[in-house]
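Novice:
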Amino acid sequence: MTDNKIMNIAKKRGFLWSSFEIYSGSAGFFDYGPLGAILKNNIIEKWRDCFITREGFYEIESPTIMPEEALKASGHVDHFTDPMTECKDCMEVYRADHIIEGAIDKEVEGLEDQRLTEILSENQIRCPKCGGHLTHVWSYNLMFQTLIGTKGKKTGYMRPETAQGIFIPFKRLLRFFRGKLPFGVVQIGKAYRNEISPRQGVIRLREFTQAEAEIFVAPSMKNHPKFANFADDTLRLFSAENQLNKSGSKKTNAGKAVKDGTISSEILTYQLCLAARFLNDIGIPSDVIRFRQHLPTEMAHYAIDCWDVEVETDRFGWIEIIGIADRTDFDLKSHSIHSKEDLSVFIEYDEPRSITTLGVKPDMKKFGPSFKGAAPKILAAINDLDVSDIQTAFNKDGVFKLELEGNFYELSPDIISFEKHEEIIRGEKVIPHVIEPSYGIDRIIYSVLLHSYIENEDRTYLKLEKQIAPIGISVFPLVNKDDLVEIAHSIRDEFRNQGIIAEYDGSGTIGRRYARADEIGVPFAVTVDHETLENQTVTIRNRDDLKQVRVPIKDIYSVLINLINGRLEFENI
RNA sequence: GCGGUUGUAGUCUAGUCUGGUUAGGACUUGGGCCUUCCAAGCCUACGACCCGGGUUCAAAUCCCGGCAGCCGCACCA
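Everything in the first sequence is counted per numbering that gives the first Met the number 0, starting at 0 for the first residue and increasing by one.
1) Quick one: give me the first and last residue of the beta strand (DSSP E) that Q292 is part of.
2) Mind reading off the beta-carbon distance from L559 to I499? Whole number of angstroms is fine, and I expect it under 8 Å.
3) Which residue comes first and which comes last in the beta strand (DSSP E) that contains T251?
4) With a threshold of 6 Å on Cβ separation, who are the neighbours of K365 within its own chain once the five nearest residues in sequence on each side are excluded?
5) Express the C-alpha separation of H420 and S353 in angstroms, rounding to a whole number.
6) What three-state label does DSSP hand V398 in the structure shown?
7) Anyone know if the C-beta pair for G471 and F494 falls short of 9 Å?
8) Our contact map puts V201 next to F29 with C-beta atoms below 8 Å; I'd like the distance itself, whole angstroms only.
9) Short of 7 Å in beta carbon distance, which residues of its chain neighbour K170, apart from the five on each side in sequence? Order them along the chain.
10) F229: which of K250, R174 and Y269 sits nearest, CA to CA?
11) Helix, strand or coil for R326, going by three-state DSSP, please let me know.
12) Contact between the segment 534-551 and the segment 507-525 is defined here as three or more beta-carbon pairs at a separation below 8 Å; is this criterion met?
13) Using CA atoms only, rank isn't needed, just tell me which of E311, A69 and I346 is closest to R177.
14) Here's a check: name, in chain order, each residue in its chain whose Cβ is nearer than 7 Å to the Cβ of T116, leaving out the five neighbours to either side.
15) By how many angstroms is the C-alpha of F399 removed from the C-alpha of S411?
16) So for V257, helix, strand or coil by DSSP?
17) Got a sec? Which residues, its chain only, sit under 7 Å from I281 by beta carbon, not counting five neighbours each side?
18) State yes or no: is the C-beta of I187 within less than 9 Å of the C-beta of T161?
19) Does K39 pass the burial test, meaning 16 or more other C-beta atoms within 10 Å, or should it be called exposed?
20) Taking the continuous alpha helix (DSSP H) assigned at K39, which residues delimit it?
21) Thinking C-alpha only, which one of S196, Q199, N279 and S219 is nearest L234?
22) Based on Cα-Cα distance, which residue from I165, L173 and E67 lies nearest to K153?
23) Helix, strand or coil: which one does DSSP assign to V484?
24) If you follow the beta strand (DSSP E) that G510 is in, where does it begin and where does it stop?
25) Within 8 Å, do at least three Cβ pairs link the segment 369-380 to the segment 389-398?
26) Less than 9 Å between the C-beta atoms of G55 and G183, yes or no?
27) Only counting runs of 3 or more residues, tell me where the beta strand (DSSP E) segments fall wholly within the segment 180-268, in order along the chain.
28) Below 6 Å CB to CB, which residues in the same chain sit around I118 once its five sequence neighbours on both sides are set aside?
29) Could you tell me whether the Cβ atoms of L243 and Q163 are closer together than 9 Å?
30) Taking C-beta to C-beta, are C49 and F277 nearer than 9 Å?
31) Relative to the alpha-carbon of I430, which residue among L331, S23 and I51 has its alpha-carbon at the smallest distance?
32) Compare the C-alpha of D77 against each of E350, S138 and V257 and name the closest.
33) Beta-carbon within less than 6 Å of R549's beta-carbon, same chain only, minus the 5 sequence neighbours each way: which residues are those?
34) Is the segment 235-254 close to the segment 443-460, with three or more CB pairs under 8 Å?
35) For a test of the three-state rule: what should DSSP assign to D383, helix, strand or coil?
36) With distance defined between alpha-carbon atoms, name the residue in A210, K258 and I321 nearest to R289.
In structure tokens, the structure reads:
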């Protein structure tokens, strides 16, 4: 299995280690070793290049510990849980709602634990395995709880996603973006979920890294000005419909998917395309990627359309590495209600709209004396009424009877007239919708390693993209002669001065050194040989095809910098 | 969380059943020799019985508990 091989290399060569090993470890935690940490940084740098530099989004950083109120508002305190029940006899643990739905075919999602417990006993539902009695239902919350402050009065949680840290300072962000939609804000960082039983290596971690973008848009503006750039991209879509009728994924082009409504909006589709291009850029080819739409039943409570980007793996099958959701106004609305802050945006219409309304115009000279002290109250009351009700009453009875605090007042046409007035409306306040691409960095790193692994009769190597490979260049003396060693060292040092991570290796034979470099995906090797002493040239070896070219030492720095950043192809040296 | 199963250097493994000398080998890694381009060879060094308790004169080996890995079940807003 490639999984096995790549995880062995990852462990041996310092990409990934399970954490706390000398204390016998703890499931769901991984260390990034020396090469893993560089690889991760390089991938995150690529992501920043994609979302910040090219898309024009801005990054923020918020705390990983959040007070309870914030996560109460987001719904995580109450809903990021599973209702559990346990068989008293065989100790089997179940999801209570699944047991009930299986036993009595009734939709019980969202009911409280107490109610679920009652349903269990009312219907005499027993353990499906042994028929034993089930315990009362309890909520297992996947968040790590902690205490904030010395007195420990305030409950806090480790954040289960970075997204909330973006929603909460929305007012500040809106001001930063000078009040105009759309805008995008990203956050890269750790998130925490206390998984019940994480057992899939780096695929299900209790502490993991997310890179999320929250793109705030006007609800009515879900097109994308640059969509034309992506409209011809091919996407392999596995729509909800195709999942339900078991017809498999289908390749289609992005423009078509928007037109036929497979994907709910242009802007969501844009993010799908962006994800595909990003993955291609870091070395995950399109033929191992598909986009799977959430089924209506699995869609999170906050989303109206959600697509997982999945990568094919030999060990786990298709795994989700990115989720791209239209979260609508769910989060902002909820934070707005809980915090009592106005989290809406004033959206100006292209053209001001004028609307004509019919208003009540009392003749105050008569109105005041008629009602005396009650006049202000009556005035307020009629302003709240539907004008047409008064009109109808006038037409029918010639008078409108108003009941107010037990008193009746008669309004007649001689004191009330009607007036049309025109109002100019320049826009409206709306709570923005949020388009959220959420990248699971650890899973992406695993996918990159997995799909970079190449094994053939002659050798095994990691075909890491040159821009993300942890080590850019290996420098070798062909043989361990002092003069060659010395030159190799100085070349290595100069690469470092030029900002490239370079390593020297003089151990074993030249073949072994190439093999060692190949195993960790070093894209290029520079070899100092006998000819170097004669004419000041060295060879540059290309990892992927083993080809070598001879280049003067003075040129190798610019040549390799250009090779690594993609401005120069190896064949054109 | 439940059941099964397995834990010996960085990796793979012998030894465990049947307790007994200094835990053996291969690969890897470090140093050296050799070597003029793809894991060669030679010399040399470093490196291990998952943790804790118990039984015993003596435990890698037997027993109990824990932890971790793997497999199955369950779980994965």
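Quick reminder that beta carbons are idealized off the backbone N, C-alpha and C, glycines included.
Specialist: Considering the structure as presented:
1) In the first sequence, the residue the question calls residue 292 occupies position 293. Run containing Q292: I288 to Q292, per the beta strand (DSSP E) assignment.
2) For the purposes of this step, residue 559 is taken as residue 560 along the first sequence, with counting starting at 1. For the purposes of this step, residue 499 is taken as residue 500 along the first sequence, with counting starting at 1. The Cβ separation is near 7 Å, so the contact holds.
3) Position 252 of the first sequence holds residue 251. That run of the beta strand (DSSP E) goes K249 to N252.
4) Start at 1 with the first residue of the first sequence, and residue 365 comes out as number 366. Excluding sequence neighbours, K365 sits near I414.
5) Taking the first residue of the first sequence as position 1, residue 353 is located at position 354. Taking the first residue of the first sequence as position 1, residue 420 is located at position 421. Spanning the two alpha carbons is a distance of roughly 10 Å.
6) The residue you call residue 398 lines up with position 399 of the first sequence. Coil at V398, not helix or strand.
7) Translated into positions along the first sequence, residue 471 becomes position 472. Translated into positions along the first sequence, residue 494 becomes position 495. Yes, the pair counts as a contact, with Cβ atoms nearer than the cut-off.
8) In the first sequence, counting from the first residue as 1, residue 201 sits at position 202. In the first sequence, counting from the first residue as 1, residue 29 sits at position 30. Their Cβ separation, rounded to whole angstroms, is 5 Å, which keeps V201 and F29 in contact under 8 Å.
9) Along the first sequence, read from residue 1 onward, the residue named residue 170 stands at position 171. These residues qualify, in order along the chain: E340 and L342.
10) Start at 1 with the first residue of the first sequence, and residue 229 comes out as number 230. Checked all of K250, R174 and Y269; the closest Cα to F229 is Y269.
11) For the purposes of this step, residue 326 is taken as residue 327 along the first sequence, with counting starting at 1. Note: R326 maps to strand in three-state DSSP.
12) yes
13) Within the first sequence, the letter at position 178 stands for residue 177. Residue I346 is the option with its Cα nearest to R177.
14) Reading the first sequence from its first residue, position 117 is the one you call residue 116. Within the same chain, T116 has close Cβ partners H135 and V136.
15) Here residue 411 is taken as the residue at index 412 of the first sequence, counted from 1. Here residue 399 is taken as the residue at index 400 of the first sequence, counted from 1. Rounded to the nearest angstrom, the two C-alpha atoms are 6 Å apart.
16) The residue given as residue 257 occupies position 258 in the first sequence. Residue state, collapsed to three classes: helix.
17) Locating residue 281 in the first sequence gives position 282, counting from the first residue. Here the set comprises I42, K45, V447, E464 and I467.
18) Here the question's residue 187 lines up with position 188 in the first sequence. Here the question's residue 161 lines up with position 162 in the first sequence. Result yes, Cβ atoms of I187 and T161 sit closer than 9 Å.
19) Stepping through the first sequence from its first residue, residue 39 is reached at position 40. So K39 counts as buried.
20) Locating residue 39 in the first sequence gives position 40, where the first residue counts as 1. P33 to R47 is the span of the alpha helix (DSSP H), which, as asked, contains K39.
21) Position 235 of the first sequence, counting from 1, holds the residue named residue 234. Ranking the options by Cα distance to L234, first place goes to N279.
22) For the purposes of this step, residue 153 is taken as residue 154 along the first sequence, with counting starting at 1. Among I165, L173 and E67, the Cα nearest to that of K153 belongs to E67.
23) Here residue 484 refers to the residue found at position 485 of the first sequence. Correct three-state label for V484: helix.
24) The count along the first sequence starts at 1 and reaches residue 510 at position 511. Element bounds for G510: not the beta strand (DSSP E) but the alpha helix (DSSP H), I509 to E518.
25) no
26) Indexing the first sequence from 1 puts residue 55 at position 56. Indexing the first sequence from 1 puts residue 183 at position 184. The answer is yes: Cβ separation under 9 Å.
27) 182-191, 206-216, 233-237 and 249-252
28) Sequence index remark: in the first sequence, residue 118 carries index 119 (1-based). Here the set comprises I99.
29) Sequence index remark: in the first sequence, residue 243 carries index 244 (1-based). Sequence index remark: in the first sequence, residue 163 carries index 164 (1-based). No, they are not a contact pair.
30) Looking up residue 49 in the first sequence gives position 50. Looking up residue 277 in the first sequence gives position 278. For C49 and F277, yes; Cβs fall inside 9 Å.
31) In the first sequence, residue 430 corresponds to position 431, counting from 1. Here the closest residue by C-alpha is L331.
32) One-based indexing of the first sequence puts residue 77 at position 78. The candidate whose alpha carbon is nearest that of D77 is S138.
33) Looking up residue 549 in the first sequence gives position 550. Result list for R549: T536 and T538, in chain order.
34) no
35) Here the question's residue 383 lines up with position 384 in the first sequence. Looking at D383 - three-state DSSP - the assignment turns out to be helix.
36) Here residue 289 corresponds to residue number 290 of the first sequence, with the count starting at 1. Nearest option by C-alpha distance: I321.
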